[in-house]
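Data first, discussion second: the structure below is written as structure tokens.
In this note's numbering, the protein residues as written are -8 to 176.
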């Protein structure tokens, strides 16, 4: 595991479109059909990363809370499954069901979506406004495996709360930290 930070792409960046298979339903789903008229969270996660495992329970809680308020959440896994079989679509489906993910868990086999978003790590969060322009990219919160800080989802929640109040999302954003995306050779 190589600890890697988000690349922190420019705020205002337009969300790259995509269509990917949902590992639970088996359907091809597009960003256009999944996005919200309020805000859309696109997050790059995977099954085996200790950073994702560390936040999973609270991530589900945060997603459930904000989905009820009209915000969409979309999870994407882009890891090389030849070298990381625990991140395969069948295992993704198992994990999504076991953890009761309230969001689609999409498989980016070609890694083209991760590249389009300039995603670097798992977890890596991107929040887009109703016009699908980037207003937040960065960490879930300050918690990391072993640092003793409770997992709260505070940073992501603060950004979503600002959007819901019609306020500008704070510009001081901390990069997410996690395992690097496992790129194919």
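Don't be surprised by glycine CBs; every beta carbon is placed ideally from N, CA and C.
In the DSSP assignment, find the unbroken alpha helix (DSSP H) run with residue i in it and report its ends.
i           : result
residue 55  : 41 to 58
residue 146 : 145 to 155
residue 83  : 80 to 89
residue 106 : 103 to 108
Helix, strand or coil for residue i per DSSP?
i           : result
residue 71  : coil
residue 159 : coil
residue 27  : coil
residue 141 : coil
residue 12  : strand
residue 98  : strand
residue 62  : coil
Quick one: give me the first and last residue of the beta strand (DSSP E) that residue i is part of.
i           : result
residue 187 : Residue 187 lies beyond the stretch modelled for the chain, which goes from -8 to 176, so this question has no answer here.
residue 128 : 125 to 129
residue 21  : 19 to 21
residue 32  : 30 to 35
residue -4  : -6 to -4
residue 120 : 115 to 120
Which term fits residue i, buried or exposed, when burial requires 16 or more other beta carbons within 10 angstroms of its beta carbon?
i           : result
residue 138 : exposed
residue 101 : exposed
residue 21  : exposed
residue 17  : exposed
residue 86  : buried
residue 68  : buried
residue 63  : buried
residue 47  : buried
residue 103 : exposed
residue 156 : exposed
residue 173 : buried
Kindly examine the ligand MN and report whether one of its heavy atoms sits closer than 8 angstroms to the Cβ of residue i.
i          : result
residue 54 : Here there are no bound small molecules, and the ligand MN is not part of this structure.
Please report the Cβ distance between residue i and residue j, rounded to the nearest whole angstrom; I am assuming they are in contact, meaning their Cβ atoms lie under 8 angstroms.
i           : j           : result
residue 29  : residue 128 : Rounded, the Cβ-Cβ distance is 18 angstroms, inconsistent with contact.
residue 175 : residue 71  : 5 angstroms
(request) Flag this pair as touching only if the stretch 11 to 29 and the stretch 49 to 56 have three or more C-beta atom pairs under 8 angstroms; answer yes or no. (result) Not touching, per the Cβ criterion.
(message) Taking 8 angstroms as the cut-off, does the stretch 112 to 121 touch the stretch 35 to 49 (at least 3 CB pairs, one atom from each stretch)?
(response) Put simply, the stretch 35 to 49 touches the stretch 112 to 121. At least three CB pairs are less than 8 angstroms apart.
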